[in-house]
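Below is one structure, written out as structure tokens, with a few remarks after it.
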Amino acid sequence: AGCLPVMLTRLNLAEPGAQRMLQEMWLSSQLLLTGVSLTELLERGQNVNTLRSFRNELKSLVHRTRMLKPKKHERLVLLDYLRHHYIEPNQDVHLDHLSPPLTSEQALREAGDRPVDEVSREHMAKFLQWFRRHFPYDHGECTSCGERSQFVGNVRGSYSERRLSGHRTELWYCTNCEQWHRFARYNSVAQILQQRRGRCGEYTKVMLQLLLSLGWEARWVVDWADHQWVEVWMPADPRFGVPTRVPETAASRLLFDLHSRPAGRWMHIDPCEA
């Protein structure tokens, strides 16, 4: 128990047939990758320059971003999920509290003499606290005994995992109970909602689709340190603009008007940040 057959082979990626061999091994789930993706390996063999590799990565991210926008029926399902798991258990919370402040009658009434965006940020902070409790961050705990496991590498997802959009799966080994377990990195928001297991890659997708379903203008942010988060546009309350002193000219009058009614700002929302 606790052992898997492993074959070590030194492979020259520049040799003819080497890349095809890698692809075939990956497709047959015979290739274990650690610290590198299959795409990166294939690009090394093709001597792809840094600029081309960067462009390929951007194209992939653009495609994934387009796929993240929820369809109408998906938005309805997500709003029902929020009502059942967040609104109903919290009697003092309304769905309007999570809507964009300047379109929410509830937010405008509650704000009173305060800036409505300030009240909206408070509701968003409470929602984020709930989100982090409801969707716990996966640290590699053993699914059998709960102890910390050791990361072994990535393999292609099984047939059942791929059917649910889990094309890459992490393998973990627990030295405490000597059990292997899998962590499929699902892209399907429906599957993530069901299993409630993930990291920033999974939970930013969920958060983004929830915010879009609520009517917010939101965007998915990916950095080059393998981290992801969400930013949401928080419109400022035009009743609380701060005038800017500038010389009196036609151009300055326009500038004064713009600065006295600030449009708003992008607010950082990290579903996984402690």
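For the sequence shown, counting from 1, position 196 maps to 196 in the UniProt record's numbering; every step adds exactly one.
Don't be surprised by glycine CBs; every beta carbon is placed ideally from N, CA and C.
- Taking a 10 Å sphere around the C-beta of E202, we find 16 or more other C-beta atoms and assign the residue as buried.
- Boundaries of the beta strand (DSSP E) harbouring N154: 150–156, taken from the DSSP string.
- Under the three-pair Cβ rule at 8 Å, the stretch 117–132 does not count as touching the stretch 180–200.
- With contact defined as three or more Cβ pairs closer than 8 Å, the stretch 140–156 and the stretch 32–43 are in contact.
- Assignment of F183 by DSSP, reduced to helix, strand and coil, places it in the strand class.
- Annotated as proximal: W266 and W233, with beta-carbon spacing under 9 Å.
- Around the Cβ of L58, a 10 Å sphere holds fewer than 16 other Cβ atoms; the residue is exposed.
- Taking a contact as a CB-CB distance under 8 Å, the pair L82 and L210 counts as one, their CB atoms being some 7 Å apart.
- Contact between A236 and D80 is ruled out by a C-beta separation of about 31 Å, above the 8 Å threshold.
- By the 16-neighbour rule on beta-carbons within 10 angstroms, K205 is buried.
- E161 counts as buried, since no fewer than 16 other beta carbons sit within 10 angstroms of its beta carbon.
- In the DSSP annotation of this structure, the continuous segment of the alpha helix (DSSP H) that includes Q195 starts and ends at 189–195.
- Per DSSP, reduced to three states, the secondary structure at A218 is strand.
- A Cβ-Cβ contact shorter than 9 Å links T65 with W220.
- DSSP, reduced to helix, strand and coil, places C200 within a helical segment of the structure shown.
- By the beta-carbon neighbour count (other beta carbons within 10 angstroms, threshold 16), C145 is exposed.
- Membership of V230 in the beta strand (DSSP E) is indicated by the continuous run 228–235.
- Sequence-distant partners of H227 (beyond 5 residues in either direction) whose C-beta falls short of 7 Å from its own C-beta, in its chain, are C200.
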